Amino acid sequence: MAKKPKNKRRDFLQLSTVTLGAVGTAAFIWPFLKSMSPAEDTLAAGSTEVDISAIEEGQSITIKWRGKPVFIKKRTKDEIDAAKMVQASDLRDPQDDADRVQKEEWLVLVGVCTHLGCVPLGQKVSDMKGEYDGWYCPCHGSHYDTSGRIRKGPAPKNLDVPPYTFLNDNTIKIG
Amino acid sequence: MDKNRKIHQFKNPVLNWIEFRLPIISYFKKEYGDYPMPKNCNYFWSFGALATITLVTMIVSGIFLAMNYTPHTDMAFDSVERIMRDVNYGWLMRYIHSNGAAFFFIIVYIHIVRAMYFGSYKYPRELNWILGVFIFLLMMATSFLGYTLPWGQMSYWGATVITNLFSAIPFIGEGLKTWLLGDYNVGNATLNRFFALHYVLPFVIFGVVGLHVAAVHVHGSNNPDGIDIKTKNDSVNFFPYMLIKDTVAMCAFGVAISAVIFFGPNLMAEVDNYIPADPLVTPAHIVPNWYLAPFYAILRAVPDKLGGVLLMFGAIVILFVLPWLDRSKVRSCNYRPIYKWFMMGFFVNFFALGYVGMLPAEGLYLLIARVGLLYYFGFFFIITPFVGWIEKPSKLPLSISDVYAKNIAPNIGGGEKGIPSPAMQKDTNL
Chain A
0 MAKKPKNKRR DFLQLSTVTL GAVGTAAFIW PFLKSMSPAE DTLAAGSTEV DISAIEEGQS
60 ITIKWRGKPV FIKKRTKDEI DAAKMVQASD LRDPQDDADR VQKEEWLVLV GVCTHLGCVP
120 LGQKVSDMKG EYDGWYCPCH GSHYDTSGRI RKGPAPKNLD VPPYTFLNDN TIKIG
Chain B
0 MDKNRKIHQF KNPVLNWIEF RLPIISYFKK EYGDYPMPKN CNYFWSFGAL ATITLVTMIV
60 SGIFLAMNYT PHTDMAFDSV ERIMRDVNYG WLMRYIHSNG AAFFFIIVYI HIVRAMYFGS
120 YKYPRELNWI LGVFIFLLMM ATSFLGYTLP WGQMSYWGAT VITNLFSAIP FIGEGLKTWL
180 LGDYNVGNAT LNRFFALHYV LPFVIFGVVG LHVAAVHVHG SNNPDGIDIK TKNDSVNFFP
240 YMLIKDTVAM CAFGVAISAV IFFGPNLMAE VDNYIPADPL VTPAHIVPNW YLAPFYAILR
300 AVPDKLGGVL LMFGAIVILF VLPWLDRSKV RSCNYRPIYK WFMMGFFVNF FALGYVGMLP
360 AEGLYLLIAR VGLLYYFGFF FIITPFVGWI EKPSKLPLSI SDVYAKNIAP NIGGGEKGIP
420 SPAMQKDTNL
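Protein sequence lines, in the order shown, are assigned to chains A and B.
Numbering that gives the first Met the number 0 applies: residue 0 is where the first sequence begins, and numbers increase by one.
Numbering that gives the first Met the number 0 applies: residue 0 is where the second sequence begins, and numbers increase by one.
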C-alpha cells in the first residue's frame, strides 16, 4: 500500500479539497435548516395577565397563551383533598400535588394532552371529566386527575404547568 | 461520444434531424411503442397508467387552486370558501382535487394489491418495488400536508396529532417537532411551510414515478401467471394494444370519479373540516382520511406512545423488505395454494384495520385493531418466510402463450408454436 513519495502531495491536495468541499456544503445547508426553527418574533411571544377575581370555586376558565390553551381552575375542597390523597409513587409520572400548585386552590395547566396534543375535555360543567374527575382527552382516551396528572390512557406525562406568578390576589401573570 | 452509435432512420427528415441530436424519438418508440407487454395481462395492469393520469390531474388542479389560495391562518379558510363560491369553476377544481386525492389512493392501493398478489416485487423487480413504496410514502406525506391547507378543524387537529408523533422520539423529539412546526404549536409558520412543501412534493413524486416506470421497462411487466416472456408470441406491443386497453380503463375510471365529483363530492369529506380551525377546541373525534386509517388504527392499538408511533411507521417500512422476506421463487399467488389465502387474508385485514381506524379506539374496535395489528406484522415476519419454505407450488405453465391457448382463448389457437392472430403481431411504425 505504500505510495511513492511523489504521490503524497497529490493525495493531500485531493483529500483537503474534498474535506473543504464537504465542510463548505454543510455550512451552506445550516442556515436553511435553522430558518425552519421558530423565528425571533415567535420566541418573543410574551406573557399574559389574567384577572381571576370572577372565577367561582369549582369553576375553570380557558385562556390563550402562546397559541396554546391554558386552564385556570379554582379547585373545591374535595378536589384538593382527592389530589393530595394520591401517593406520588403510584403514578406514571410521579409528582405531588404540592409541586404542581403555588396556592392550593388555584391549578394552572397547559391544556394540551401530552399524548398527541389534543385539548382535553373537563372545562365545562357538561364535559366528560374522565374516571378521576379531572380532564378527559377525547382523542385517544387519556384520563387526568384533579391535579392534571395522567392516571389512565396512552399519555406519558402529566399536563404541563406553565411558568406563572401571582401579581396580587386577583391577577395571574402567565409566562 | 460513441461514434459507432446506430442512428434510427425515419422517413420524416425533421424527425431525423432531431433524432441525430437527441435520440428521444427512438426512445419513445422503444419504451411506449414497441415495448412488449405480456399478452395475458388483465385490467389490474391498467392501474399504473391510471395512477399516472391521476397524478397529472392532481398537479394541474392543484396549480389552479394555488392561484386563489392564501396560506395564512387568518385567510386560508375564507380563501377556500371563496374558491368554492366565487371563483369561476373553483368548486370543480376543489372537488376534483379533494376527491382526486382519495381516488389516487384507491388506485395506488389496487396497484399495490396487484403487485403483492402476483409477486411483481420479486426478482428482478425489487428496486422497482422499493421505488413504489417510496412513492407511496411521498403520497401519504403530500396528502397529509394538503389536508392541513383548508384550515378547518380537522386540518388543524390532524396536523397537531401527526406532528406530535415526532415528539415521541426520545431526547430530540420535542425539539424536532418545534423545528418542523416553526413554532411551539401548529400556527402560521406551519401553514406556510406546509403549503410550500405540498406544492413541491408532487413534482418529486413525478420524478420518482419516472424512475419507477424506467425500472419496470428494464425487465418488462410482470403478468398474472408470473412467468417471463420467452418468445415474441408471448407479448403484444404497448402501442396500440395496451394503450387502447388502458384507455378503456381510463374511461371507466372517469365515469366513477365523475359520479363522485358531481353527485357526492363530500362523501369522503369530514363535516368538521367546514368549521374554521380553533386551537382551543378539539373535535370529539379526530378522524384521519380513510386512506390513512389502517395506519392510524395501528397507532392507536398500542397503549404506549413511542411504541404506537414506531409500529405505525414500521408498518410502512416493512414493505421495503418484502422482496427478501418472501423466499418463494414462484411469483403469482395463482400458483401458490397456501400463501394465496394468507395474502387474501392480508387484504381483508388491512381493510378491517382501516374500518376500525375511523371509529373510536375502545371496546370491540380496539380488540379488532389489536388482532389486525398482530396479523399485519405476523404476515410479514412469520407467514411470508415460513409459507415460502413449506409450500409446494402448483406446476407453472410452460409459457404465456400456453396459458393463453388453454385458458383465455382456446378457440383462437395459439400455444407454443401458434400465433393468436396475424394482426396481433404486426409491427407498428411511427
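Here a beta-carbon is modelled for each residue, glycine too, at the ideal position from N, C-alpha and C.
Nothing here was measured: the structure is a model prediction, and the numbers come from that model.
Asked                                                                                                                                                          : Found
Please classify B:Ser-60 as buried or exposed, where buried requires at least 16 neighbouring CB atoms within 10 angstroms.                                    : buried
Whole angstroms are fine: how far does the CA of A:Leu-166 sit from the CA of A:Leu-158?                                                                       : 23 Å
Alpha carbon to alpha carbon, how far is B:Val-79 from B:Ala-360? Give it in angstroms, no decimals.                                                           : 32 Å
Is A:Asp-50 helix, strand or coil by DSSP?                                                                                                                     : strand
Can you find a C-beta in chain B that's less than 8 Å from the C-beta of A:Thr-18?                                                                             : no
Would you be able to state if there are at least three C-beta pairs under 8 Å between the region 266-284 of chain B and the region 341-348 of chain B?         : no
Check the Cβ of A:Lys-63 against every Cβ in chain B and list those closer than 9 Å, keeping chain order.                                                      : Pro-278, Leu-279
How about A:Arg-99 and A:Ser-141: do their beta carbons lie closer than 8 Å?                                                                                   : no
Counting Cβ pairs closer than 8 Å, one from the region 79-91 of chain A and one from the region 125-145 of chain A, do we hit at least three?                  : yes
Have a look at B:Gly-470 and B:Leu-372 and give me their C-alpha separation to the nearest angstrom.                                                           : Examination of residue 470 of chain B is not possible in this model, given that chain B is present from 0 through 429 alone.
Run through the DSSP bridge pairs and tell me what A:Phe-27 is partnered with.                                                                                 : Answer is none; A:Phe-27 lacks a bridge partner.
Could you list the residues in the region 53-86 of chain A with a C-beta less than 8 Å from some C-beta on chain B, going in chain order?                      : Thr-61, Lys-63, Arg-65, Gly-66, Lys-67, Pro-68
Between B:Glu-18 and the rest of its own chain, which residues show a CB-CB distance below 7 Å, the 5 nearest in sequence each way excluded?                   : Ile-6, His-7, Phe-9, Ile-24, Ser-25
Going by DSSP in three states, A:Lys-76 sits in which element: helix, strand or coil?                                                                          : helix
Skipping 5 residues on each side, what residues in its chain have a beta carbon closer than 6 Å to that of B:Gly-387?                                          : Asp-325, Arg-326, Ser-327
Are the region 149-163 of chain B and the region 232-248 of chain B in contact at 8 Å, needing three or more beta carbon pairs?                                : no
Answer with yes or no whether the minimum CB distance from A:Thr-176 to chain B is below 8 Å.                                                                  : The question about residue 176 of chain A has no answer here: the residues shown for chain A are numbered 0 through 174.
Can you tell me which of B:Pro-275, B:Trp-289, B:Gly-131, B:Phe-319 puts its alpha carbon nearest to the alpha carbon of B:Ala-268?                            : B:Trp-289
Alpha carbon to alpha carbon, what distance is there between B:Arg-4 and B:Gly-313?                                                                            : 47 Å
Identify whether A:Ile-62 lies in helix, strand or coil by the three-state DSSP scheme.                                                                        : strand
Output needed in chain order: residues of the region 109-143 of chain A with a Cβ under 7 Å from some Cβ in chain B.                                           : His-114, Leu-115, Gly-116, Cys-117, Val-118, Pro-137, Cys-138, His-139, Gly-140
Whole angstroms are fine: how far does the CA of B:Asn-348 sit from the CA of B:Tyr-495?                                                                       : Here chain B has residues from 0 to 429 only, and residue 495 of chain B is not among them.
Sorted by chain position, which residues of the same chain lie with C-beta nearer than 7 Å to B:Asn-333's C-beta, five sequence neighbours on each side aside? : Pro-223, Asp-224
Starting from A:Pro-155, find everything on chain B with Cβ-Cβ shorter than 7 Å and list it in chain order.                                                    : Lys-304
Counting Cβ pairs closer than 8 Å, one from the region 140-155 of chain B and one from the region 187-198 of chain B, do we hit at least three?                : yes
Closer than 8 Å, CB to CB, is B:Val-160 near chain A or not?                                                                                                   : yes
For the alpha helix (DSSP H) containing B:Tyr-26, list its first residue and its last residue.                                                                 : 23-27
Are any of the Cβ atoms in chain A nearer than 8 Å to that of B:Ala-283?                                                                                       : yes
Between B:Leu-305 and B:Ala-167, how many whole angstroms is the CB-CB distance? I'm expecting something under 8 Å.                                            : 4 Å
In chain A, what lies closer than 8 Å to B:Leu-164 by C-beta?                                                                                                  : Leu-115
How would you label B:Leu-321, buried or exposed, when you count the other beta carbons within 10 angstroms and need 16 or more for buried?                    : buried
Using 10 angstroms around the beta-carbon of A:Leu-12, count the other beta-carbons present and answer buried if the total reaches 16, otherwise exposed.      : exposed
For B:Thr-177, decide whether its Cβ has a neighbour in chain A, counting only Cβ atoms nearer than 8 Å.                                                       : yes
Helix, strand or coil for B:Val-301? Go by DSSP, reduced to three states.                                                                                      : coil
Who are B:Ser-234's beta bridge partners in DSSP?                                                                                                              : B:Pro-37
A:Gly-66: which of B:Ile-381, B:Phe-379, B:Pro-278, B:Arg-330 sits nearest, CA to CA?                                                                          : B:Pro-278
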